[in-house]
Every structure is written in structure tokens, then in C-alpha cells.
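Report on the structure given below.
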Amino acid sequence: MMTTLDKVRLFERYLELTQGNADRTLDAVLDKLLERKRSELARHHEEMRAELVAFEKQYAMASSVFFDKFERGELGDAIDFFDWSATWQMYNNVLKYLHALSSEPAAT
1356 MMTTLDKVRL
1366 FERYLELTQG
1376 NADRTLDAVL
1386 DKLLERKRSE
1396 LARHHEEMRA
1406 ELVAFEKQYA
1416 MASSVFFDKF
1426 ERGELGDAID
1436 FFDWSATWQM
1446 YNNVLKYLHA
1456 LSSEPAAT
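When we follow my numbering, the leftmost residue of the sequence shown carries the number 1356, and every step to the right adds one.
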């Protein structure tokens, strides 16, 4: 069974062979797919941001400051801290994914 990445690479080879002249249907499908993924990630971003704000209010500390202290072992092992840490890491990953899907490709 082909992975998603394998399928994308097949399309990449096809587009290289056709010199990037994809048909309108393929172009429209890709646009819709990208927009759907961006919307999904934006929704996750908003949900995680709300969770982070709740932690920040509860503990009167910015998430970035919390994470640095937590990583250095300065805050203890409360379950909230593990949840906050995981949420902060997921939040930052989602930001990277959003940026990757929003960036223009580098010129070749």
C-alpha cells in the first residue's frame, strides 16, 4: 500500500514530466486540499491557544516562561504541568505546519 508521501511523489514526477502543466481539475483539488488542511490546523491552533491562556491565567505565567522552567525541572511534576507542556509543544508544531502550508515555495 502506498503512503501519502509516495502518492505525492508520484504526482511530483508527473508534474515534472508535464513541466508543471497540470489540468484544472488537479489544480482545483490541490487548492481545496490545502485550504481544508489550513482550516483544520487553524482550528486546532485556536483551541490550543485557548487552553494555553487558561493555564497562563491559572498559574500567572507565560507559556514560554513556563516551558523553559519546566524543562529545567524547576516546577515539579504536577499533572497540569505535563498537560501544559504537551499543549505548548503541540501548539508550536501546529504553528510550524501552518507556516509550511502558507509559505510560497522557494524558486528553483
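Using N, Cα and C, we set each Cβ at its ideal position, and we do this for glycine too.
Please tell me whether, using a cut-off of 7 Å, the distance from the CB of valine 1449 to the nearest non-hydrogen atom of the ligand GDP is below it.
As for the ligand GDP, it is missing from this structure, which has no ligand bound.
If I follow the unbroken alpha helix (DSSP H) through glutamate 1402, where does it start and stop?
Working through the sequence shown from its first residue, we reach residue 1402 at position 47. First-last of the alpha helix (DSSP H) with glutamate 1402: 1379 to 1414.
The stretch 1428 to 1435 in contact with the stretch 1392 to 1401 per 3-pair CB rule at 8 Å:
no
For arginine 1404, the nearest candidate out of Arg1364, Leu1370, Thr1442 (CA to CA):
Within the sequence shown, the letter at position 49 stands for residue 1404. Looking at the Cα atoms, Thr1442 is the closest of the given residues.
Would DSSP call asparagine 1376 helix, strand or coil?
For this step, residue 1376 is matched to residue 21 along the sequence shown. Coil.
Just how far apart, CA to CA, sit tyrosine 1414 and phenylalanine 1425?
Taking the first residue of the sequence shown as 1, we reach residue 1414 at position 59. Taking the first residue of the sequence shown as 1, we reach residue 1425 at position 70. Each residue's alpha carbon lies about 13 Å from the other.
For glutamate 1426, does the three-state DSSP call read helix, strand or coil?
Here residue 1426 corresponds to residue number 71 of the sequence shown, with the count starting at 1. It is helical.
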